[in-house]
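End of the sequence shown sits at 236 in my numbering; the numbers just go up one at a time, nothing left out.
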Amino acid sequence: MFHKIFYLIILIFISSCSSNQIKSPTSQYDKSSVNQFAKTDFDRMADLEIRENLQSLEILALKFYKRNPNQLKKTTQDDAEKMVNWIFHGDHSNEFEQLQNKKDVESLNLVFDESFNGDRVLALMIGLKTMLLKSHGNKTDFYLFDKLDPQNIYNVARNIEVVLWKLSSKKMENGEPFLISNSINENEQNLSFEREFGKIIGRTDYFAYTLSEKTERTITRAVQSVSTRLFLPFI
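Here it is in structure tokens:
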């Protein structure tokens, strides 16, 4: 019995150490793997939430590049699929010179800065990706002793709502949108961007409130007027 307990402790220690490295969100989720011994059902829920949200970001990235090919040309001559794969699985530590190595909220602000001449889709995706990761302790794999703050995860959902509002409402001086996303006119109605963003917001909110109940940590709800919508910080 002692040997079994000792072996389990070693497994938990090894698994916790390995979780510090960010893994590909598309890695196989195998409940029978050795690492699952160190996971609770709630850890598996966290794994699922962030993995599916990162997958949604990949879907959105491809959509944005398809609708905004001029942005893709600012970064590469490759096709949109290769670019998206590089953003989410490339060896770059989410640092890009054209973004001045900015991440999360700072990168999102670049998207709506008219003086920024770089790839706005890249700025948007790196901002959203690193914001999501930061709110989860820069992990995509969670174990028994990992701690997450529900307020940070809640703030991600609110920040994505701000992004949606800015994409639909903010215009450049010439009246053009910073990025083309949803389109509604007499002949076409395309709300696929809004639906995919809505999935991320829904998953993130559900996880934040569930985490709040589990940890007995209260979430401070943000109320912002349309004219003063700002990105929320992380604690």
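Think of the CB as a built atom: it goes at the ideal place given N, C-alpha and C, for glycine as much as any other residue.
Query                                                                                                                              : Result
Between the C-alpha atoms of Y30 and E177, what's the straight-line distance to the nearest angstrom?                              : With a pLDDT of 49 at Y30, under the threshold of 50, the modelled position of that residue is not reliable, and the figure given next carries that caveat. So the alpha carbons of these two residues sit roughly 43 Å apart.
Looking at the unbroken alpha helix (DSSP H) that takes in K75, where does it start and where does it end?                         : Note, K75: premise wrong, no alpha helix (DSSP H); not H, not E.
Can you name the start and end residues of the alpha helix (DSSP H) that A124 belongs to?                                          : 121-136
Can you have a look at F3 and say buried or exposed, based on whether 16 or more other CB atoms are within 10 angstroms of its CB? : Confidence in F3 is poor, its pLDDT being 39 and thus under 50, which makes the residue's placement too unreliable to answer from.
Nearer than 7 Å: is that true of the beta carbon of R196 relative to any heavy atom of the ligand MG?                              : With respect to the ligand MG, the structure offers nothing, as it holds no ligand at all.
Using beta-carbon positions only, say whether I202 and I161 come within less than 8 Å of one another.                              : yes
Taking only three categories from DSSP, how would you classify K103?                                                               : coil
What three-state label does DSSP hand K167 in the structure shown?                                                                 : helix
Just the Cα atoms here: how many angstroms apart are K171 and N54?                                                                 : 25 Å
Tell me whether E195 is buried or exposed, calling it buried when 16 or more other Cβ atoms sit within 10 Å of its Cβ.             : exposed
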